[in-house]
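Chemist: Protein chains in written order, with the numbering used here: chain A, 3 to 354; chain B, 131 to 708. Encoded as structure tokens, here's the structure I'll be asking about.
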Amino acid sequence: MIILAPVTHIVPLTKVRRARLLPTNGRVLVKAGQSVTASDVVAETRLQNKHTLVDVQRDLNMTSAAETREVIDRKLGERVQEGDVIAETGRLFRRVVRAPVSGVIVMISSGQVLMEADQPPFRLKAGLDGEVTEVLPEQGVMVETNGALLQGVWGNGKISQGLLLNLTQSAGDELTPPKMDVSMRGAIGFAGWCGRPEALEIAAQLPLRGLILGSILPGLIPLAEKMDLPIMVLEGFGQIAINHIAYDLLITNVQRSIALNTAPWNRFTGSRPEAIITLPAPAESSPEIDIFKPGQTIRVQTAPYCGQTGILSNILPGLTTLDNGLRTQAAIVRLRENNEITVPLANLDVLQ
Amino acid sequence: MTTSTIDAESILAVEIGSTLTRAALFDVVEGVYHFIASGSATSTVDAPFHDAGECVHLAIEDLQTITGRQLLDKDARIILPGKSDGSGVDRMAMSISAGPTLRVINAGLLDDVSLQSGQNLIATAKARVIDNFGLSDARSTDEKIDAIIRAEPDLIILTGGTQQGASRSVLKMVELIMMSCRILPETSRPEVIFAGNRVLAKRIKEVLGKWFSVHTAPNVRPLIDLEDISPAEAVLTNVVTRIRTSQIGGLKELGKACTAPLTPAPQAFGRIVRFLSEIYNPNKGVMGIDVGASSTTFSVAVAGGLTNKVYPVGLGSSIKDILEFYEPAEIIQWMDIPLSEDSLVSYLWQKSINPGSQPLDHTAMAIEQAVTRMILRHAMQEIKAKWRENWEDEVSFEPILAGGAVLTNAPTPAQSLLMILDGLQPVGISTIILDQNTLTASLGTIAAFNPILPVQVLESGAFLNLGTVICPVTKARYGTPVLNIRMEHENGFKETFTIKQGSITALPLRMGETATIALDALRGTEIDPNGNRANTFKIIGGVCGAVIDARGRPIQLPKEDGRRRELLKKWQNTLENR
Chain A
3 MIILAPVTHI
13 VPLTKVRRAR
23 LLPTNGRVLV
33 KAGQSVTASD
43 VVAETRLQNK
53 HTLVDVQRDL
63 NMTSAAETRE
73 VIDRKLGERV
83 QEGDVIAETG
93 RLFRRVVRAP
103 VSGVIVMISS
113 GQVLMEADQP
123 PFRLKAGLDG
133 EVTEVLPEQG
143 VMVETNGALL
153 QGVWGNGKIS
163 QGLLLNLTQS
173 AGDELTPPKM
183 DVSMRGAIGF
193 AGWCGRPEAL
203 EIAAQLPLRG
213 LILGSILPGL
223 IPLAEKMDLP
233 IMVLEGFGQI
243 AINHIAYDLL
253 ITNVQRSIAL
263 NTAPWNRFTG
273 SRPEAIITLP
283 APAESSPEID
293 IFKPGQTIRV
303 QTAPYCGQTG
313 ILSNILPGLT
323 TLDNGLRTQA
333 AIVRLRENNE
343 ITVPLANLDV
353 LQ
Chain B
131 MTTSTIDAES
141 ILAVEIGSTL
151 TRAALFDVVE
161 GVYHFIASGS
171 ATSTVDAPFH
181 DAGECVHLAI
191 EDLQTITGRQ
201 LLDKDARIIL
211 PGKSDGSGVD
221 RMAMSISAGP
231 TLRVINAGLL
241 DDVSLQSGQN
251 LIATAKARVI
261 DNFGLSDARS
271 TDEKIDAIIR
281 AEPDLIILTG
291 GTQQGASRSV
301 LKMVELIMMS
311 CRILPETSRP
321 EVIFAGNRVL
331 AKRIKEVLGK
341 WFSVHTAPNV
351 RPLIDLEDIS
361 PAEAVLTNVV
371 TRIRTSQIGG
381 LKELGKACTA
391 PLTPAPQAFG
401 RIVRFLSEIY
411 NPNKGVMGID
421 VGASSTTFSV
431 AVAGGLTNKV
441 YPVGLGSSIK
451 DILEFYEPAE
461 IIQWMDIPLS
471 EDSLVSYLWQ
481 KSINPGSQPL
491 DHTAMAIEQA
501 VTRMILRHAM
511 QEIKAKWREN
521 WEDEVSFEPI
531 LAGGAVLTNA
541 PTPAQSLLMI
551 LDGLQPVGIS
561 TIILDQNTLT
571 ASLGTIAAFN
581 PILPVQVLES
591 GAFLNLGTVI
601 CPVTKARYGT
611 PVLNIRMEHE
621 NGFKETFTIK
631 QGSITALPLR
641 MGETATIALD
651 ALRGTEIDPN
661 GNRANTFKII
671 GGVCGAVIDA
681 RGRPIQLPKE
691 DGRRRELLKK
701 WQNTLENR
């Protein structure tokens, strides 16, 4: 079996290039070469999320759709205000149909008018501090920066930026309410793991601008998904500490500005939660694809070594029988604590 | 079958899964088709590759290394057809189970009639119903339009109206679909399948066809009390393939190299189950289960009539979705080691973000095997519920064909067998066959153009006979004798066994050994509800011999944790140490 190595970027300096695309065509608000921060709006569009159907034929008591079409005064795509006449009969006793909401006429068919109500536009944020390197007309932009990059495994779909703060004493500490206070307001904090709803609620009330966690208890996911507070999880679910490489990287960058984009991980599209600390230094892009080879820095993704990092010492030939009887392709990994373990290749990701 | 009746040709069958892609090579050896070997590679359908071609090439490369046969030319292209020097293959076939679960809107008329049939049709594909729209829907038209747009469907299934039946209500539904989807950007518009009142098919195609890809299928409810999904399933299969081809890079090009159309793996799998039902006992059903990483396929066929269902729960990315159907405690009860509910839930969430990972220790192995039991249990209960609409009694299956990495990669065959028995809890007499090389879907795809190959490969040693299982049905109390068995081996050696209610017994029969057994049912015990088998018959030993599972149906586990774990270990030991 040929196993490709999944790559997770936890890297102190790299070139980051991200496409920021609207869900539907819209308007790009920035120009190539422009500097942006993570929270800057780079493009906007109307999302088709609220419609009102006006049954003109029924309201005017007309007999056919063709007849009704003749009395509809508006064109497709026309903007109307609430109360504007959209259809009228020209008879002696004039009857009219008025727009029930302000919006755009998106369809006229079968004696009916479908209106898309005015809604606040969907605003697409840059998601990282950097420079717009390319404008994709009506679709979005490419933003590029150099800096530290940390990719997570779970996120609640929000974007923000702030100063990075350490909320706990060690990589494995639980985030509890007493560990947060008003002096942290506006910061993006990191902590080992979170198992209490009140910790998330306090973080949102302060408010922090974001949370980076090693892990979170699955029971808190519904709450975390509802919150406006951006939350990114680096390792997974349960009580898993932040891996040492990520923790060292975060500690090194405390008090620096960090951009947090907690887009849910979608393996198919490739979108992934990530934090970027822009640094004024030249950098090269990190590879997205790799194969396993000795010497690589890897992370174990499953219990009982979940979140532990080490060096891939040796890929074992053929199939290896694990203690639980499973026969699989495996590797010897020297963990940071210097002990060697045998792990299926499928349970590793390469950190680079 | 000899070479005189078949065209000797080598066939490469590729299955693109959500986690792994496999390439299996079949060829004629001494006049009969054989499975030669298979290679596999990490699937590259997802980011950052977005290219099915990459993993197919890697899997073939692996196969090339294993067999020593050159299958790719110097430019890494598949050598097709085969050359006289033995390189390449003559034909290629492909099935796919990779790709995101399809988002489907189910539109129809009555909840219990057309909407239910639509639901049943959708369940045959790797798809999830995002919303239902029927006559009883109290939402305003505005709300319905917004709901359809928000759902971002890949596909809309519209049913309703018996032949010559309702038309006005169906057309109102057509209008709703048209209004909703017409305002979507052209690239985001869903495919539409109409499988309702046939009289309307032409008109609906005319109306909606201006805006969408509309496919008409035979009515899933030709009569109010008659559901017939199979013809529409064929149309759905084609549409799913179309969607996959547009979603997944490289598929279109690969498809051009194939002899048969690209087939969704569940349909290819079901094709083989249906085929088996045509050659086995027509009074019994044939069951096929395939526990995948993102979904589980469950196929049941009786005398050529197939029910195919795809459950959106597997042992990979969707493993945590088992919690939608069962409480953590219900899963833990099948583990012979202690585990907290929180630890179980965390494990399932963690596995869902590392779908290809393997159980690293005993606990992880026990969790995944327990979840497998619950997936099988859930699927079996749904099948039974559907079955009872037609059959009053318990149903027995011969054979039961099982596949999926969790079963084929289990540390011992006994563990595979016990997962199947605990999960499905079959009744009567069945042979349990393990698809140890993950070939069933590939054979189903090949069957479209070469019906001989699947027959010959099924009869070869490519599949593993786990054993014959006899699961008597009885209301006798725990511990009372329910069955006397006399077994005569080929060498004339005779043994007798008394089976007590609540026990599982492994008969001492070696792999491939034939024995004659005579069963005396005691205390009203029924041996096989619809087997029509004589009480004396021959059985062939599988890798687990032959097993009498008299643990009762459903299996009742002791409430006390210690006793329950001991019992689970005892059952395991019984099959391991026969």
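Using N, Cα and C, we set each Cβ at its ideal position, and we do this for glycine too.
How many angstroms separate the CA atom of Ser-140 (chain B) from the CA atom of Arg-683 (chain B)?
Modeler: 46 Å
Chemist: Kindly indicate which three-state DSSP category Val-186 (chain B) falls into: helix, strand or coil?
Modeler: Taken through DSSP and simplified to helix, strand or coil, Val-186 (chain B) comes out as helix.
Chemist: When the cut-off is 7 Å and only beta carbons count, does Ile-5 (chain A) lie next to chain B?
Modeler: yes
Chemist: Taking DSSP's pairing of strands, which residues face Lys-439 (chain B) in a bridge?
Modeler: B:Phe-428
Chemist: Contact between the stretch 21 to 34 of chain A and the stretch 156 to 164 of chain A is defined here as three or more beta-carbon pairs at a separation below 8 Å; is this criterion met?
Modeler: no
Chemist: Do we get a CB-CB distance below 7 Å when we pair Thr-133 (chain B) with the residues of chain A?
Modeler: Because Thr-133 (chain B) sits at a pLDDT of 40, beneath the cut-off of 50, its placement in the model cannot be relied upon, and the point is left open.
Chemist: Of the residues that make up the stretch 43 to 73 of chain A, which ones have a beta carbon closer than 7 Å to any beta carbon in chain B?
Modeler: Gln-50, Asn-51, Lys-52, His-53, Thr-54 and Leu-55
Chemist: Do Ala-189 (chain A) and Leu-165 (chain A) have their beta-carbon atoms positioned less than 7 Å apart in this structure?
Modeler: yes
Chemist: Counting C-beta neighbours from all protein chains within 10 Å, is the total for Gly-191 (chain A) 16 or more, i.e. buried, or is it exposed?
Modeler: buried
Chemist: Here's the rule: buried if 16 or more other CB atoms are within 10 angstroms of the residue's CB, otherwise exposed. What is Asn-707 (chain B)?
Modeler: exposed
Chemist: Quick one: does Met-549 (chain B) have its CB under 7 Å from some CB of chain A?
Modeler: no
Chemist: Where does the unbroken beta strand (DSSP E) through Val-587 (chain B) begin, and where does it stop?
Modeler: Premise fails: Val-587 (chain B) lies in the alpha helix (DSSP H), 582 to 589, not in any beta strand (DSSP E).
Chemist: Starting from Ser-111 (chain A), find everything on chain B with Cβ-Cβ shorter than 9 Å and list it in chain order.
Modeler: Ordered by position in chain B, the residues that pass the 9 Å Cβ test against Ser-111 (chain A) are Glu-305, Met-308, Met-309 and Arg-312.
Chemist: Name the chain A residues whose beta carbon is nearer than 8 Å to that of Ser-487 (chain B)?
Modeler: Per Cβ cutoff of 8 Å: Gln-303, Thr-304, Pro-346, Ala-348 and Asn-349.
Chemist: Counting only the same chain and skipping the five closest in sequence on each side, list residues whose C-beta sits under 6 Å from that of Asp-466 (chain B).
Modeler: Arg-695, Leu-698 and Lys-699
Chemist: Measure the Cβ-Cβ separation of Val-673 (chain B) and Leu-596 (chain B) and say whether it is below 7 Å.
Modeler: Cβ atoms of Val-673 (chain B) and Leu-596 (chain B): closer than 7 Å.
Chemist: How about the stretch 119 to 126 of chain A and the stretch 46 to 59 of chain A: do they share at least three Cβ pairs that are nearer than 8 Å?
Modeler: yes
Chemist: Pick helix, strand or coil for Lys-699 (chain B), following the three-state DSSP scheme.
Modeler: Collapsing the DSSP output to three states places Lys-699 (chain B) in a helix.
Chemist: Does the separation of the CB atoms of Leu-150 (chain B) and Ser-168 (chain B) fall below 7 Å?
Modeler: no
Chemist: Consider the Cβ of Asn-707 (chain B): report whether some Cβ of chain A lies at a distance smaller than 7 Å.
Modeler: So, not an interface residue.
Chemist: Mapping the DSSP letters down to three states, classify Phe-579 (chain B) as helix, strand or coil.
Modeler: coil
Chemist: Quick check on Asn-326 (chain A) - is its C-beta less than 7 Å from some C-beta in chain B?
Modeler: yes
Chemist: By DSSP, does Ser-168 (chain B) sit in helix, in strand, or in coil?
Modeler: strand
Chemist: Exposed or buried, which one is Tyr-608 (chain B) when buried takes at least 16 other CB atoms within 10 Å?
Modeler: exposed
Chemist: In chain order, what residues of the same chain have a beta carbon less than 6 Å from the beta carbon of Gln-36 (chain A), not counting five sequence neighbours either side?
Modeler: Val-134
Chemist: What are the boundary residues of the alpha helix (DSSP H) that Ala-281 (chain B) is part of?
Modeler: 271 to 281
Chemist: For Leu-697 (chain B), decide whether its Cβ has a neighbour in chain A, counting only Cβ atoms nearer than 7 Å.
Modeler: By this cut-off, Leu-697 (chain B) is not an interface position.
Chemist: Reducing DSSP to helix, strand and coil, say where Gly-385 (chain B) ends up.
Modeler: Shown here, Gly-385 (chain B) sits in a helix according to DSSP, grouped into three states.
Chemist: Strictly below 8 Å CB to CB, what residues from chain A border Ile-275 (chain B)?
Modeler: His-53, Leu-55 and Leu-116
Chemist: From the DSSP output, read off the bridge partner residues of Gly-149 (chain A).
Modeler: A:Thr-16 and A:Thr-280
Chemist: My understanding is that Val-56 (chain A) touches Gln-121 (chain A), with C-beta atoms under 8 Å, so please give their C-beta distance in whole angstroms.
Modeler: Not confirmed; about 18 Å, so no contact.
Chemist: Mind checking the stretch 471 to 485 of chain B against chain A and listing, in chain order, the residues whose C-beta falls within less than 9 Å of any C-beta there?
Modeler: Listed by position, the residues of the stretch 471 to 485 of chain B near chain A (Cβ gap below 9 Å) are Asp-472, Ser-473, Val-475, Ser-476, Tyr-477, Leu-478, Trp-479, Gln-480, Lys-481, Ser-482, Ile-483, Asn-484 and Pro-485.
Chemist: Is the shortest distance between the beta-carbon of Phe-124 (chain A) and the beta-carbons of chain B less than 7 Å?
Modeler: no
Chemist: For Leu-406 (chain B), which of B:Glu-498, B:Ile-452, B:Thr-197 and B:Phe-527 has the nearest alpha-carbon?
Modeler: B:Phe-527
Chemist: Return no unless some Cβ of chain B is closer than 7 Å to the Cβ of Pro-319 (chain A).
Modeler: Contacts with chain B at 7 Å (Cβ-Cβ) do not include Pro-319 (chain A).
Chemist: Of all Cβ atoms in chain A, is any one closer than 7 Å to the Cβ of Ala-171 (chain B)?
Modeler: yes
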